[in-house]
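Note sheet for the following structure.
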Amino acid sequence: MPISKSDMEPYKSPEIPASAKALSLVGLHHGVFLGGDIPTFAGIEKSRSKAAWRKGARLNHLTARKRKARLDDIAESSFPVILEIDGGRNFVILKEKAGESEFLVQFPDSREAPVSRERLARRYSGTCVYLGPVAEGAEEGLFRRLLRGSRLFSRTQ
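In structure tokens, the structure reads:
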């Protein structure tokens, strides 16, 4: 089902943190977030730590890995990814390659624009957030998996 123009209205809201908007846009790209209210949590606008990105990703049925990566080393198969720019103060979604010297980026307000490799490289801080859909069954928490595997809680036949 295509995304309607009205579905994109929440992305223009200044009350919703840009990082929450970016995560839900990537969820839309992966087909795991279907629109509506953008999931957010207190503190996501103040912290772009690994833990904050992971928590925001989980709210959008995604997994997140924050890594240092050179722009040229980010595989197209990983797109869309979030690039931290301007020393980590801002970010864009690197959506696709648009030729040899250009990328298509998406901003948290859902606008898209082609950006030259040189311009993006100048502003890119070197930190990338790789995102992907949560694997089936992965929503079971670590604690529950540990309990399930524990001898104390294992079933005897």
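Here this note's numbering is used: the first residue of the sequence shown is 1260, the next is one more, and so on.
Each residue gets a CB set at the ideal place from its N, CA and C atoms; glycine is no exception.
Check your understanding: What residues match up with Ala-1394 in a beta bridge as DSSP calls it?
Key -> Looking at the DSSP assignment, Ala-1394 forms no beta bridge with any residue, so it has no partner.
Practice item. Kindly list the residues whose CB is nearer than 7 Å to the CB of Phe-1338, restricted to its own chain and excluding five residues on each side of it in sequence; keep chain order. Key: Leu-1353, Lys-1354 and Glu-1355
Check your understanding: Mapping DSSP to helix, strand and coil, what is Leu-1284?
Key -> helix
Check your understanding: Looking at the structure shown, is Glu-1274 part of a helix, part of a strand, or coil, going by DSSP?
Key -> coil
Review point. Does the beta-carbon distance from Asn-1319 to Phe-1350 come in below 8 Å?
Key: no
Check your understanding: Which runs of the beta strand (DSSP E), 3 residues or longer, sit entirely within the segment 1285-1345?
Key -> 1321-1327 and 1340-1344
Review point. To which residues does DSSP link Lys-1356 through a beta bridge?
Key: Phe-1362
Review point. Residues in its own chain within less than 6 Å of Tyr-1383 by CB, not counting five upstream and five downstream?
Key: Leu-1330, Leu-1342 and Ile-1344
Review point. Between Pro-1298 and Arg-1376, what straight-line distance do the alpha-carbon atoms span, to the nearest angstrom?
Key: 31 Å
Check your understanding: According to the neighbour-count rule (16 or more other Cβ atoms, all chains shown, within 10 Å of its Cβ), is Pro-1373 buried or exposed?
Key -> exposed
Point to revise | Identity of the residues DSSP links to Pro-1373 by a beta bridge | key: Leu-1363
Review point. CA-CA distance, Thr-1322 and Ala-1311?
Key: 12 Å
Check your understanding: Looking only at its own chain, which residues have a Cβ that is under 8 Å from the Cβ of Glu-1361, when we skip the five neighbours before and after it?
Key -> Pro-1373, Val-1374, Ser-1375 and Arg-1376
Exercise for review: Count the other CB atoms, across all protein chains shown, that sit within 10 Å of the CB of Gly-1286; report buried if there are 16 or more and exposed otherwise.
Suggested key: buried
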